[in-house]
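Below: one structure, written as structure tokens.
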Amino acid sequence: MASTSELRKALSKYALPSDNELRHLRAADPTTSYRASFFRLQIDELLAATGRKPSAKVSSGLQNLLFQVKEILQNLQDQQVTQDALQARGLLVRNHIKRKEIVLPFQRPARLDIVGSYILQTMAYAGKKSGEYGVLTIDLAVEMPQDCFLPKDFSNYRYFDKRNLYLGVLASELQGYTELFNQVTLQAWNGEYEKPVAMLKVNSEYLTEHGMKGAKVHIRVIPVVTTELFKLAKLVPSRNNVKHEPSMTEQEMKQCRTPMYNNSILEDMLLRQHTRELHAALKEAPQLSEACVLAKVWLRQRGFHKAMDSVNGFLVSMLLLYLYQKKRISAQTPSDQMFKVLVQFIAVHRLENEPLQFPPNETGVVLTTEGLQTFRKAFDLVFLDSSGRLNLFGRVSKSAWRELQNAANESVKLVQHCTMDDFRALFIKKNEFWTRYDQYYWFPAPCPVDDADEDTYTLQEKRVINDMGLERFWLRKLESVLSQALTDRVSLVRPVTEDDAEWNMQDNSLPMQRKVALGLRINSDNALRIVDKGPSADDKVASTQFRQFWRGKSELRRFKDGAIIEAVVWEGIGTENRHRVLDAIVNFIIPAHCPQLTPSQIKTSNAALYSALDVEEPAALKTKTSNASFESTMNSVSKLWVIFNNFAKTLRDLDSLPLKVSDVLPVHPAFRYTSLFPVQPHPLAYSKGEKIDAAPMAHVNTVLEPLVLHVKFERSSAWPSEKKALMHAKTGFYVHIGHELQSRLNLRCEVAKDCVDVFISGYVFRLVIRSDKELSVVTGAAGVKKLAIVHSPEYVMAKREADYVSKHASTVHALHTKNTAYGPTVRLVQRWLADKALSNVLAIEAVELLVADVFLSSASTSSPHSVLSSFLRLLKRVASFDWQNVPFIVDLNSSLDDAKRREILKRFDASSTSPSTHPAMFIAADYEDMDCLSSWTRFTPDKVVVQRLVSLAQASYGVLVHWLASGASSSGWKTAFSSSRMEFDAMLQLATENLPTKRIRVDGDKKHPFVAPVYKNMDMTAVPVMIGFDPVHELLQDLQRVFGHLAFFFVNGVETTEILITWKPQAFLPTKFRAITANYQMPLPTSAEDEDSTRCFAVPNIFEILSDMQSISHGMVVGVALQPFESS
0 MASTSELRKA
10 LSKYALPSDN
20 ELRHLRAADP
30 TTSYRASFFR
40 LQIDELLAAT
50 GRKPSAKVSS
60 GLQNLLFQVK
70 EILQNLQDQQ
80 VTQDALQARG
90 LLVRNHIKRK
100 EIVLPFQRPA
110 RLDIVGSYIL
120 QTMAYAGKKS
130 GEYGVLTIDL
140 AVEMPQDCFL
150 PKDFSNYRYF
160 DKRNLYLGVL
170 ASELQGYTEL
180 FNQVTLQAWN
190 GEYEKPVAML
200 KVNSEYLTEH
210 GMKGAKVHIR
220 VIPVVTTELF
230 KLAKLVPSRN
240 NVKHEPSMTE
250 QEMKQCRTPM
260 YNNSILEDML
270 LRQHTRELHA
280 ALKEAPQLSE
290 ACVLAKVWLR
300 QRGFHKAMDS
310 VNGFLVSMLL
320 LYLYQKKRIS
330 AQTPSDQMFK
340 VLVQFIAVHR
350 LENEPLQFPP
360 NETGVVLTTE
370 GLQTFRKAFD
380 LVFLDSSGRL
390 NLFGRVSKSA
400 WRELQNAANE
410 SVKLVQHCTM
420 DDFRALFIKK
430 NEFWTRYDQY
440 YWFPAPCPVD
450 DADEDTYTLQ
460 EKRVINDMGL
470 ERFWLRKLES
480 VLSQALTDRV
490 SLVRPVTEDD
500 AEWNMQDNSL
510 PMQRKVALGL
520 RINSDNALRI
530 VDKGPSADDK
540 VASTQFRQFW
550 RGKSELRRFK
560 DGAIIEAVVW
570 EGIGTENRHR
580 VLDAIVNFII
590 PAHCPQLTPS
600 QIKTSNAALY
610 SALDVEEPAA
620 LKTKTSNASF
630 ESTMNSVSKL
640 WVIFNNFAKT
650 LRDLDSLPLK
660 VSDVLPVHPA
670 FRYTSLFPVQ
680 PHPLAYSKGE
690 KIDAAPMAHV
700 NTVLEPLVLH
710 VKFERSSAWP
720 SEKKALMHAK
730 TGFYVHIGHE
740 LQSRLNLRCE
750 VAKDCVDVFI
760 SGYVFRLVIR
770 SDKELSVVTG
780 AAGVKKLAIV
790 HSPEYVMAKR
800 EADYVSKHAS
810 TVHALHTKNT
820 AYGPTVRLVQ
830 RWLADKALSN
840 VLAIEAVELL
850 VADVFLSSAS
860 TSSPHSVLSS
870 FLRLLKRVAS
880 FDWQNVPFIV
890 DLNSSLDDAK
900 RREILKRFDA
910 SSTSPSTHPA
920 MFIAADYEDM
930 DCLSSWTRFT
940 PDKVVVQRLV
950 SLAQASYGVL
960 VHWLASGASS
970 SGWKTAFSSS
980 RMEFDAMLQL
990 ATENLPTKRI
1000 RVDGDKKHPF
1010 VAPVYKNMDM
1020 TAVPVMIGFD
1030 PVHELLQDLQ
1040 RVFGHLAFFF
1050 VNGVETTEIL
1060 ITWKPQAFLP
1070 TKFRAITANY
1080 QMPLPTSAED
1090 EDSTRCFAVP
1100 NIFEILSDMQ
1110 SISHGMVVGV
1120 ALQPFESS
């Protein structure tokens, strides 16, 4: 016996570790323990803020209030109640059969119970002045006596009519107690106006008297009944309890069913039982209370609790209870782990195919497979309570669950990393409906059945409306029709109604039916196709259904592979307007299935923003139909790449150069789809003998935009090591390249000291040679000398040009290839910056990195696929990011591990110790070396300008979200792009009639020094042109160099009519007057006390400064204005 025990003991040393041992091993792992502990610390802080329990004094005051409410309700007298006697038109009494008026034999409540999160201590309450977390809501279940109802009142809405009348009596009585309640309103129960509850808003004076000054307390009165009131067998999902038409026979009644109607009655019967079950679990597992609070905060920050068909705080608490009863979590599991298990369960559980069911209680039923199938046929999703009769998810739609699953998938990844940003994304940041989807549509409220035409709703639809209600039916119909029509063009169709409204019982009617907003998550691979293929012609049944669904739009077509199938072709949509395919489908299919709607009643979100990208057409030439589409830009870039590839091959094949060309790298933004002005062939940018295929134009701009290409040669040690010698060597190569291209290929070339410009097929390619020795020329010898120079502007510029530009260009181009919305979004951000007069603040590369982060930081299930969604997210990101304390890290190639990120943080902290050289926007890309981070924003923008950028982003984000939430009017979005001159101190008016524009086509009515007419058969190569000439940019550089210590300069890069100026306040502080620094200084008058003193103070003389600004412009500035400006 002893030997056996010794053997077991010896073997146990080599046994696999138990679960408990594994938990301890993981906790000791230094790579995860710090993160887990830090995450737990943040969770504790969140719970301390949002899981507040009322103090003993407050609880005593609330208890006193509830006893007063109980006394009021217990003193009610028995009475016969009708809607007319109650004068409550704000309560719905259907009187469905209409034989006689509904009369409620009212009796005082049988009992009152406190239910819900207040009594369970699971409320997400953050105390006074905390927005939606600052209201303490107490749920009061009022049991209606059995004598108020007849045994068959469960049919034909009689139960709901009497329930509403009963609630009306309670609300009417409580309205009289103004010393307790300053307002008694009605509120929709889970989004249903037809089944309201009473909301009692407690008087602030009463709260002050009872030690709750400043608090907001609401009591929600919920009528309930006992489980014995009706036979439960009469309320199964397969049973029909509504006589839909007066002429319905018994046989027809049996063929229908009203699962939602029956479920709603069961809900009132079992409400208190759920509170008891939760209470029992919370006694065993106190941590479950904290997990409920975390789950509710998570839901609220995403707005799920507001949707009438989504999961609310109660349902997520029941999900946690289910996991506890199924032993997925235990009483010893910490609350943060419970939350992790919950989101993991939501993310992976396929509820559509695998219904959930609580273990049955003493009175519950154990469902057979057939019984469970009945529920699955009746409801989208099934989550049965412990009675086995009530579907807790009866109201939850498939699209709402998929939306919840997408959010849970993102949250699982955030929980695994546990960083500060991840925690903020999980619980702190709002993630609104208006930022989750790529495109939005608005549909009018549904037409009431009684007011509708005969063809508006079919007989079957009317029966469904009787079961689930008009608004819920309307949501599901729109979702169903669009899901079937859009197929794999979208991954999710999500309709929501406007937020619930509260109303008074004395109102003439219920609140108006609500408009529906519908969000689409686009699948960019399939969204833009113009053919929808259906079933084969051989499948007669499927073909008939397909034709019926498309209402005559479908026709038989033969395709190249020989297949003859039903297909829908969206004709009239060219390659330049592919983005309009979704609009065309929605505007056709919805009116086809909903005859009461016309296409003009359907509003869309994305079309409005297309016009913001229309920068090519000048205002004078714009027409109502002109629109710069995304695809036209993409097509022009595709053409550019074809020409570039041919030209690069030509360069690589040049064998007469001293060194062979090894690589040609396109670094101009046009090649990566991010150039604000779309690059198109210019009539004046052709070489002799080339066929001109540019678009016909009457007048064109003679200043051409050069497309920069970096040319790299094969390695050689012969490159000079001195700066001037290297530059001269390059110039020699430029001359040689130009000569070869001109003599051999007859290409027009213009050679300069630092580049050679080549005219080919309507484009000007600027060749710039990059050598391996460029950086060493700047840094010199290694060691102390390098350390001294590494932070200099010269080194940063050389590093950018020699190394970073080409890496950035290729990486960004690859990112756009994966995400076709990326390029247009960068263009839209540039347009927004231009309209805010910030074009000269951020380099294009910095803008590209900011936008790239939006695409890279999103989970795969939520990455943006439209310009609207990515632009909104960018504004939100810029507005909410802590620029002062955290580096903005962009991992374009997923190459940054923890060690590299920690090194970037160290560099950031080291840089922040010297505020004078620390970048206000520290944007670090993964391709940057550690000795030269934030190269694109190293010297600009200034801290004050960043603050302005953040505030403008915050304001524009708010405007766009409000515009979306209020129905997306045709011009409401423009406010987000508008700006006011009132924000600036002075303005330099530019001579636009003498300055070049970036547009190719120009208005030729007046003579202009940089405009040339274009005639048929004229020699275009004889017209004199300038390449890359930008006098306004050069003027800005001069102003910045001379007056940068006194002012900030701002310009609109699209409509460049003025330079706006804001003075730097610190430059206008009085300083001692010295003759040596008296330039632009104005002495201040001395006071009477200082008359004998030799000290004199001075401030800058703005009139002299502005006069000199005008004089150095050499005629470009024609006027100067100071605040207040004349309104133009």
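Sequence positions in the sequence shown follow numbering that gives the first Met the number 0 and run 0 to 1127.
Beta carbons: idealized from backbone N, C-alpha and C, even for Gly.
Just so it is clear, the structure is predicted and the values come from calculations on it, not from any experiment.
Buried or exposed by the 16-neighbour rule on C-beta atoms within 10 Å, applied to G1118:
The sequence position of residue 1118 within the sequence shown is 1119, counting from 1. Exposed.
For S686, the residue or residues it bridges with in DSSP:
Within the sequence shown, the letter at position 687 stands for residue 686. In DSSP, S686 forms no bridge with anything.
Tell me whether the beta-carbon of F1049 lies closer than 7 Å to the beta-carbon of L1059.
Your numbering for residue 1049 matches position 1050 in the sequence shown. Your numbering for residue 1059 matches position 1060 in the sequence shown. Yes, they are a contact pair.
Among K397, E351, D146, Q120, which residue has its Cα nearest to the Cα of F313?
On the sequence shown, position 314 is the one that residue 313 refers to. With distances taken between Cα atoms, F313 lies closest to Q120.
Could you give the C-beta distance for H709 and R769, rounded to a whole number, given that I count them as a contact under 8 Å?
What you label residue 709 is simply residue 710 of the sequence shown in a count that begins at 1. What you label residue 769 is simply residue 770 of the sequence shown in a count that begins at 1. With 8 Å as the limit, H709 and R769 qualify as a contact, their Cβ atoms being about 5 Å apart.
Alpha carbon to alpha carbon, how far is N465 from L873? Give it in angstroms, no decimals.
Along the sequence shown, read from residue 1 onward, the residue named residue 873 stands at position 874. Along the sequence shown, read from residue 1 onward, the residue named residue 465 stands at position 466. Straight-line Cα distance between these residues: approximately 44 Å.
Within 10 Å of its beta-carbon, does N993 have 16 or more other beta-carbons around it, so buried, or fewer, so exposed?
Your numbering for residue 993 matches position 994 in the sequence shown. Flag for N993 reads exposed.
For A566, does the count of other Cβ atoms within 10 angstroms reach 16, so buried, or fall short, so exposed?
On the sequence shown, residue 566 is found 567 positions in, with the first residue counted as 1. That one is buried.
Counting Cβ pairs, one atom from each stretch, are 3 or more of them under 8 Å apart for the region 203-214 and the region 47-63?
yes
Does the region 165-185 come within contact of the region 250-257, defined as at least 3 CB pairs closer than 8 Å?
no
Are the region 103-115 and the region 65-72 in contact at 8 Å, needing three or more beta carbon pairs?
yes
So which of T455, M696, Q324, M317 has the shortest CA-CA distance to E283?
To locate residue 283, count along the sequence shown from 1; it is residue 284. Checked all of T455, M696, Q324, M317; the closest Cα to E283 is Q324.
Cα-Cα, which of I564, V480, F870 is closest to E612?
Counted from its first residue, the sequence shown places residue 612 at position 613. Reading the sequence as shown, one finds Leu at residue 612 and not Glu. The shortest Cα separation from L612 among I564, V480, F870 belongs to F870.
Hey, D756 and R743: beta-carbon distance below 7 Å or not?
As a first step, residue 756 is located in the sequence shown; it is residue number 757 there, counting from the start. As a first step, residue 743 is located in the sequence shown; it is residue number 744 there, counting from the start. No, these two residues do not count as a Cβ contact at 7 Å.
First and last residue of the beta strand (DSSP E) that includes I759?
Working through the sequence shown from its first residue, we reach residue 759 at position 760. Taken as a continuous stretch (DSSP letters only), the beta strand (DSSP E) holding I759 covers 755-759.
Give the range of the beta strand (DSSP E) segment to which D531 is assigned.
By one-based count along the sequence shown, residue 531 stands at place 532. Where D531 is concerned, the enclosing beta strand (DSSP E) stretches over 530-535.
Which partner residues of Y439 appear in the DSSP bridge assignment?
Walking along the sequence shown from the start, residue 439 turns up at place 440. Answer is G518, bridged to Y439.
At what residues does the beta strand (DSSP E) containing N700 begin and finish?
Mapped onto the sequence shown, residue 700 falls at position 701. Start and end: 698-700.
Let me confirm a value: F38 is counted as buried when at least 16 other C-beta atoms fall within 10 Å, else exposed. Which label applies?
Stepping through the sequence shown from its first residue, residue 38 is reached at position 39. It counts as buried.
Secondary structure at T81, three-state DSSP: helix, strand or coil?
Here residue 81 refers to the residue found at position 82 of the sequence shown. Coil, per DSSP.
Reduced DSSP secondary structure (H/G/I, E/B, other) of Y176
Taking the sequence shown and counting its residues from 1, one reaches residue 176 at position 177. Y176 falls in the coil class under three-state DSSP.
Nearest-angstrom Cα separation, counted from A954 out to T486:
Your numbering for residue 486 matches position 487 in the sequence shown. Your numbering for residue 954 matches position 955 in the sequence shown. Those two C-alpha atoms are separated by around 36 Å.
Using C-beta distances below 6 Å, list every residue in its chain close to I137, excluding the 5 sequence neighbours before and after it, in chain order.
For the purposes of this step, residue 137 is taken as the residue at position 138 of the sequence shown. So the qualifying residues of the chain are Y117, I218.
Within the chosen definition, does the region 913-923 reach the region 812-820 through at least 3 CB pairs nearer than 8 Å?
no
Who are I345's beta bridge partners in DSSP?
Walking along the sequence shown from the start, residue 345 turns up at place 346. Paired residues: none, contrary to the question.
Once DSSP output is grouped into helix, strand and coil, what is the label at S915?
Start at 1 with the first residue of the sequence shown, and residue 915 comes out as number 916. Residue state, collapsed to three classes: coil.
Which runs of the beta strand (DSSP E) spanning at least 3 residues fall entirely within the region 921-1002, listed in chain order?
922-924, 985-989
On the criterion of 16 or more Cβ atoms from any shown chain inside 10 Å, does M268 qualify as buried, or is it exposed?
Your numbering for residue 268 matches position 269 in the sequence shown. M268 comes out buried.
Just list the alpha helix (DSSP H) runs in the region 219-285, keeping only unbroken ones of 4 residues or longer that don't cross its boundaries, in chain order.
249-254, 258-283
Bridge partners - L708, DSSP secondary structure assignment:
Stepping through the sequence shown from its first residue, residue 708 is reached at position 709. DSSP, once it has assigned bridges, lists P665, L766 as partnering L708.
Please return the same chain residues whose Cβ sits closer than 6 Å to the Cβ of G518, not counting the five positions on each side in sequence.
On the sequence shown, residue 518 is found 519 positions in, with the first residue counted as 1. Excluding sequence neighbours, G518 sits near Y436, Y439, R493.
Rounded straight-line distance, which links the Cα of L987 to that of Q1109:
Within the sequence shown, the letter at position 1110 stands for residue 1109. Within the sequence shown, the letter at position 988 stands for residue 987. So the alpha carbons of these two residues sit roughly 8 Å apart.
Residue range of the unbroken beta strand (DSSP E) whose run includes K729:
Counting from 1 along the sequence shown, the entry for residue 729 is found at position 730. Careful: K729 lies outside any beta strand (DSSP E), inside the alpha helix (DSSP H) at 722-744.
When DSSP labels each residue in this structure, what does L849 get in the three-state scheme?
Mapped onto the sequence shown, residue 849 falls at position 850. Here L849 sits in helix by DSSP.
Could you work out which residue in P108, V80, L1083 is closest to E70 when comparing CA atoms only?
Reading the sequence shown from its first residue, position 71 is the one you call residue 70. For E70, the nearest C-alpha among the options comes from P108.
In whole angstroms, what is the alpha-carbon distance linking Q1153 and Y956?
Only positions 0 to 1127 of the chain appear in this structure, which leaves residue 1153 out of reach.
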